[in-house]
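Residue numbers (the numbering used here), protein chains in the order written: chain W, 1 to 247; chain P, 248 to 494; chain B, 495 to 741; chain A, 742 to 988; chain E, 989 to 1235; chain G, 1236 to 1482.
Note that beta-carbon positions come from the ideal geometry of N, C-alpha and C, so glycine has one too.
Only a predicted model underlies this, so the values are computations on that prediction, with no experimental measurement involved.
There are 6 protein chains.
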Amino acid sequence: MQLHLSAWPEIEAYLTTSKAILIPIGSTEQHGPLGLLGTDAICAEYIARAAGDEGGFLVGPTFNVGQAQHHMSFPGTITLRPSTMIAAMTDWANSLRHHGFERIYWLNGHGGNIATINAAFAEIHHATSFDQSGQTHALRCSLRNWWELAGVTELIRSLFPSGEGSHATPSEISVTQYACPGTAKSAEMAVKIAPSGPIFDAEDFRRRYPDGRIGSDPTLANPEAGKKLVDTAVRALVREFQMFTKG
Amino acid sequence: MQLHLSAWPEIEAYLTTSKAILIPIGSTEQHGPLGLLGTDAICAEYIARAAGDEGGFLVGPTFNVGQAQHHMSFPGTITLRPSTMIAAMTDWANSLRHHGFERIYWLNGHGGNIATINAAFAEIHHATSFDQSGQTHALRCSLRNWWELAGVTELIRSLFPSGEGSHATPSEISVTQYACPGTAKSAEMAVKIAPSGPIFDAEDFRRRYPDGRIGSDPTLANPEAGKKLVDTAVRALVREFQMFTKG
Amino acid sequence: MQLHLSAWPEIEAYLTTSKAILIPIGSTEQHGPLGLLGTDAICAEYIARAAGDEGGFLVGPTFNVGQAQHHMSFPGTITLRPSTMIAAMTDWANSLRHHGFERIYWLNGHGGNIATINAAFAEIHHATSFDQSGQTHALRCSLRNWWELAGVTELIRSLFPSGEGSHATPSEISVTQYACPGTAKSAEMAVKIAPSGPIFDAEDFRRRYPDGRIGSDPTLANPEAGKKLVDTAVRALVREFQMFTKG
Amino acid sequence: MQLHLSAWPEIEAYLTTSKAILIPIGSTEQHGPLGLLGTDAICAEYIARAAGDEGGFLVGPTFNVGQAQHHMSFPGTITLRPSTMIAAMTDWANSLRHHGFERIYWLNGHGGNIATINAAFAEIHHATSFDQSGQTHALRCSLRNWWELAGVTELIRSLFPSGEGSHATPSEISVTQYACPGTAKSAEMAVKIAPSGPIFDAEDFRRRYPDGRIGSDPTLANPEAGKKLVDTAVRALVREFQMFTKG
Amino acid sequence: MQLHLSAWPEIEAYLTTSKAILIPIGSTEQHGPLGLLGTDAICAEYIARAAGDEGGFLVGPTFNVGQAQHHMSFPGTITLRPSTMIAAMTDWANSLRHHGFERIYWLNGHGGNIATINAAFAEIHHATSFDQSGQTHALRCSLRNWWELAGVTELIRSLFPSGEGSHATPSEISVTQYACPGTAKSAEMAVKIAPSGPIFDAEDFRRRYPDGRIGSDPTLANPEAGKKLVDTAVRALVREFQMFTKG
Amino acid sequence: MQLHLSAWPEIEAYLTTSKAILIPIGSTEQHGPLGLLGTDAICAEYIARAAGDEGGFLVGPTFNVGQAQHHMSFPGTITLRPSTMIAAMTDWANSLRHHGFERIYWLNGHGGNIATINAAFAEIHHATSFDQSGQTHALRCSLRNWWELAGVTELIRSLFPSGEGSHATPSEISVTQYACPGTAKSAEMAVKIAPSGPIFDAEDFRRRYPDGRIGSDPTLANPEAGKKLVDTAVRALVREFQMFTKG
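Quick look at the structure:
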């Protein structure tokens, strides 16, 4: 069930059965010469919607631009300042809380988002902690990266024993190839496996990782692997969301 | 051409031929008993992508949650504070400016966004006006509501001579029925044509417009009308975006 | 009745009879070689105070610096960032709400303010929409541009059938000549009627409109026209404010 | 010379002779049963304009709502949050700096503003201190309370040897009676001289100072005293502004 | 009693006997060739803790970085923007209020903090003034500069009849020499007594005060004077804090 | 070498040899019935200063209040909102960058700070990424939790094979017992080992962890263990800081 494809009476009805919703959260940032700029949002959104359909739970709109300052030396990247992202996530959460939601499960597609998402949770929970009116019910936020859902990390390891790396990975690109048929790119890679290292600002990033990849060989990506990853992730997500709902 | 389905070298290449991009901007808010919560984002996104394909220009990710405080008494609505929306739009614009974009055409699907979008433009242009470094090139932002594209207003009038109203209109719902097959809803309407009036806060809104519609009869919506509206809007948008690019 | 010329017991007494107040809102920005930098604040303030006297309603202090980033290439212009203006208007509104006011009618003198004023209203109404304490009573804000009061647009058309334009207009300058005797300026105009076009940042503005006017011939301005405009505006405003009070 | 009554070419000409401007800054807050809500803005504005006329220097628009949270239990008071006031003052100062002004002399009419004005100066100077572009010229802000201008404190002491107090003072009310003929109020005072003490929040303030005065007997106010105060203040201000301009 | 050396049950117990706490507040900024960068925080903290021990009251953590933009041309200075400092002090105060504290006495070590501290108080009291829930109890904040405690100004005058000045003073440096044995520095002074004057931005400050001192001769500092200052300040502070607690 | 105990010429000299500084960062929050409210700041500060002395590098002031909203149901806890913490850390970093520092190593004592610290890094690096002036040199921030320094995790495991838990741990309390002699507390524990689980808001936290501990048995703490932990951490920190300086 997708919020943006529902009418308000359907959400009203859903709330009589569950107070939990899933928000996919991604980023719009370069993913190397082969990866889509929308990779992180596409992965989170595709897996979330498939799981929502299978598990009968509600999936909200996708938070599609996140924290990507370090990718700004590659054209097409769009980033929020962390402080803006915290304000926006807080507004989303407060809107959902206003309608009676008590649990928001954020399915994340971008490692660079993790810190800011958790800081936003603290900002959201802060308001609850300081509220003494007795009128604001508690809202719990929880974060899960799709590649850490039960079984997915293991599957990635078996699919791509080398060349997975940490940015523009064959696994995430496989998911987009499966989710968005016809969008696979081809390009010459200067080096098969990209270098690895730390992340600071954008110029430094481009100097370290000239084509945008970190430690990965995305030429390994294929839609069949994408299907396997999605299937495994969806199965785990349905179970985990149910747990979260009850938690 | 869609940014989120492109790799960064494709955007780099695009920038050698054009400095203009289109950003669809909508809202996630109730649209009456029949309309989708995602109506405004869906309309703007669908028309934008079709025009981008036809006109060969770049369409960015959709800004999918906007200014909808007045719809908050209907479950499912999500809203940003205007100050958050200004911060987020500024971040998007500054990211695109950083890559060399000089024109952002925002195709809007929600009347309630207009004021805040224009305020955000003033915030963005303010930075240009106060910059004295000579290093920041000017960025121009422009807003167009899809229903005001050349020929669309007239088409709406001929398709729905009565019952168009101003919120949860048959025209926008027709577009979603065409763009998202299988999402049409049915519901009993307490009154055929909803009341009209001003907009203040959410509670007042619900008192005036009990089922969420303003002045409209959305039962008139149909996918065939949606196709006509999309076709007319796309034709006009392709022409207008070209003008904007040169302007 | 003017708030700044009243003592607090007078406002306490007023509140037993009415919960409505008018705030004049202008801008401090160039108005071409002939127009006063304070034109927009002067027009709104003068009309508001005359109407307040005639209609017996309360007029608050004038919000005299607004959104004028596009005029910054002309000396003397002062502007707020839109986000600052939203914060300041919110503080004014919350102060008045605290005393029991339930209606604020903002009489505006500057087209460039409209978007930010409406965004500020959304910010103010947002707080009401999200308040669940039952302790904050609703506050309604409403905007009216003085040149759109009943009869004024028509009068302008008849007084200045050509050369009214959209900035540094003969009508607004006529009002200041009437309201502030002795402040009329004279200057050579390079062209009789200034060019027209869109508005982006300040440098672009000055390039398009070298002496600051848009589409206008302010040499047509005269205090007699100013008197007619004020009289018509005041009559309409007294009626409209009464309606607003009851609305 | 008043900025709001000037056209931009006049300011351009002024800047060739002086880089200094005076901004009157007041508050809109209760001043006891007899004092005007606009007292602080009126005093600063009236003295500033008279001095500007005599000294031939430029006086900008009046910053008419300030820091008055502690007066909020009396109807009519309007206050900014300190953080908003800092943002607004920063915007005013940056606008003036943009045009080439290098000195802003803020003539203050409200003791409660002093801390926030000085904090705003620190915010404004902070930007200069951190700027390394070499492109932003330094801007110096300076604060003067009108009642501390040379000779004024002594005059107050001789005019009102007792009953001056610290809020709703006979001296400031005398100035408004002189500046705004016909606005003098009369009221019974429960006690001749109001109590004195510290200031915290609004409720506490009203408990300590039931009619809004602190330590004062405003029935002593008279327009003749007002004239003397204005004359003395104007003389001192002309001299001091000249010093400031050269400083 | 020091908060950071207590466990939470001890604070719970303290609150049954007193609702008052002292927060030392300083700055990290240059204090001339001889003075420690931490001088202001060290003085406030040392005196506060000694008084807390003697008077049996609670001393919180030290707010150790304040408003020091004007010292930024000297390496080692760290400063908050005033707006950040207001936000941080508000968070500290709201946390303490949440636990039931009703009085916060801020013992200040830095003249440059005074305006921003008082602006922060206004921001904190503003929230109380606008709260209508009846659930937020009032919190009173009060500021005291340690060098203005009863008897201290007189002692300074007698210890350092000349050369005290206003920044990097022998009195504050004496306190640090007493509080932090072994940290005394020696350096050649270009002039015995530093120049005096106003404060604007950092570059201007360094031009006026080349080695960072204002009007002072810190070579006069000695730990014996420091001990006398501390003893006098502590005695006065114990008495004053008790008064404040009851006030 | 400690910044707050240095005079500015000493920092100027240090900068000719190194562009790196260490900032200890903690929290002021409950640590169970036995732990000090200042535990996290004390641990980070003590280890940092000892390492700075041994390694000859510069240690700045301690950032002593952090992100602790979840501990707010225990008296004495003080917390910043994440957005305030980001603003404050940004100000600290910009101040240091202004003086020429290029590396800031933040030694952290509180798990709850990690997300917000990393979000603040993104905010700081964001400014570098968007700066096109060529005048702002890059600043790199890096985070290390003291308990993850080389060898420390292993040492903790051997010292406290059971009962370490994740909050109010015997290891951190041991460090404070060693660092602050005489501050050890004693208390009856309702259960030997506290429960474990997730963290949301403060009320929920207290319900899950009634005495404030998570999974720990702090009665195991002892100063001898503290000494071992400090010694191991200091050795690792000296090495790691040298690497960071060169990185």
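Local conformation of residue i per DSSP, three classes
i: proline 518 of chain B; result: strand
i: leucine 601 of chain B; result: strand
i: alanine 1178 of chain E; result: coil
i: glycine 1417 of chain G; result: coil
i: serine 1083 of chain E; result: helix
i: proline 223 of chain W; result: helix
i: serine 174 of chain W; result: helix
i: isoleucine 940 of chain A; result: coil
i: phenylalanine 595 of chain B; result: coil
i: serine 577 of chain B; result: helix
With 16 other Cβ atoms within 10 Å as the buried cut-off, status of residue i
i: glutamine 30 of chain W; result: buried
i: arginine 1145 of chain E; result: exposed
i: glutamate 1389 of chain G; result: exposed
i: glutamate 642 of chain B; result: exposed
i: methionine 830 of chain A; result: buried
i: glutamine 177 of chain W; result: buried
i: alanine 295 of chain P; result: buried
i: glutamate 718 of chain B; result: exposed
i: glycine 659 of chain B; result: buried
i: proline 1416 of chain G; result: exposed
i: glycine 645 of chain B; result: exposed
Cβ-based neighbour list, residue i, same chain, cut-off 7 Å, excluding 5 preceding and 5 following
i: lysine 192 of chain W; result: Asp217
i: glutamate 548 of chain B; result: Val728 and Val732
i: arginine 1375 of chain G; result: Glu1337 and Arg1338
i: glycine 323 of chain P; result: Gln277 and Leu284
Min CB distance residue i to chain D below 7 Å
i: alanine 977 of chain A; result: Of the chains in the structure shown, none is chain D; the protein chains are W, P, B, A, E and G.
DSSP bridge partner residues for residue i (one or two, in chain order)
i: histidine 167 of chain W; result: W:Ile214
i: isoleucine 78 of chain W; result: W:Thr28
i: glutamine 743 of chain A; result: A:Val800
Close Cβ partners of residue i (< 6 Å) along its chain, the five nearest in sequence each way excluded
i: alanine 1039 of chain E; result: Val1222, Leu1225 and Val1226
i: threonine 79 of chain W; result: Ala68 and Gln69
i: threonine 857 of chain A; result: Gln808, Pro823 and Met826
i: proline 1268 of chain G; result: Ala1422 and Asp1446
Cβ shell of residue i (< 8 Å), same chain only, five flanking positions each side left out
i: glycine 303 of chain P; result: Met248
i: isoleucine 124 of chain W; result: Met89, Thr90, Ala93, Asn94, Leu139 and Cys141
i: leucine 3 of chain W; result: Ile11, Ile21, Leu58, Val59, Gly60 and Pro61
### Query
In chain order, which continuous runs of the beta strand (DSSP E) of length 3 or greater are located wholly inside the segment 1241-1309 of chain G?
1255-1260
#### Entry: Uninterrupted alpha helix (DSSP H) stretches inside the segment 355-406 of chain P (no shorter than 4 residues)
Taken in chain order, the complete alpha helix (DSSP H) segments of 4 residues or longer contained in the segment 355-406 of chain P are 361-377 and 399-406.
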